[in-house]
Structure formats: structure tokens, C-alpha cells
Amino acid sequence: MRRLLVLAISASVLLGFGLRSVANAKQRVGVVVLKKSGKFRGTVIDDLLEVMIATVSAKGRYEIVPASQVMSRLGRTPNTCIQTTACLKGAAIGVNLDFVVVAQVSKRGNEWTLAVRRAFSGAFATQELSYQIVGALPALLKGL
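Just so we're aligned, residue 1 is where the sequence shown starts under this note's numbering, counting upward by one.
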């Protein structure tokens, strides 16, 4: 439980980088956390989602769109959809988002993987940032 909390807090630090407002108006943001593989407590996904939403909300410049709206646009295989920029951007456009943050969580034995992708849609192009951290939980946290 304690390790999960540290992982969630570390994930929020990772998400904090690059979140900035381009205009005075609030930008619409979608945040989604998906389980990719592994066995872990059922509330891990919800816990991480709450931490990530709280991190984005704390900036005060963003309007958070419910994850359920974003998930409905990712289709029947959300883990496949988020691997392509076109599908991820399509989901963002479908619910009128300025950007979307998607995290995939995996666990194998004592090794955790946290893969975070952010896609920004703008007037001229889509910018995508990706992070992946792999290791035992203490090593993963040091990697942040």
C-alpha cells in the first residue's frame, strides 16, 4: 500500500512536467489510466487516475474531462488505440480536448512499468511526448 502511494505520487510528478497553458482560457484535458498487464490490487488504476487528475487540477488552468468520455472514444481496445497518434488524437478531438494524458501500468513480479503518453493537438500540428520507466518499485521511483 505504501509503495503504491509512492508510485502514485511519483507519477504525478512525472505528469507535472510540460503542463502549461498557452492562453488565458482553460484548456480541456482528458486523463486516462489503463492496466496493461500483471496482477495487482484492483484499485491501483483508480488510485493512479485520482492522483494524476489532482495533479492536473492543481495547476488551475485546466478543465478536466471525465475519463469515461475519453474511454468511450478509445474504442473496444483502448490499449491498442493509444499506441497510434492518429487514434489518440481522434479520441481527443472526439471530446474536444486540447490534450490527452494516457498512462499504462504493468507489473511482472516486483518489476513495474509506467508508460505515460501525452498528445497535444494544436492548430498546426500534434506534439506527442512519451515516457517509460521500468524497474523494481524503488528503482522506478529513483528514475523519476
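The beta-carbon is built from N, C-alpha and C at its ideal position, and this holds for glycine as well.
Put simply, the backbone Cα of G94 is about 29 Å away from that of G42.
Three or more Cβ pairs closer than 8 Å define a contact, and the segment 89-106 meets that threshold against the segment 29-37. Boundaries of the alpha helix (DSSP H) harbouring L48: 44-58, taken from the DSSP string. Taking all protein chains in view, the Cβ of T77 is surrounded by fewer than 16 other Cβ atoms within 10 Å, so the residue is classified as exposed. Q104 is bridged by DSSP to L34, A115. Looking only at T85, S37, E63, the smallest Cα-Cα distance to R108 is reached by S37.
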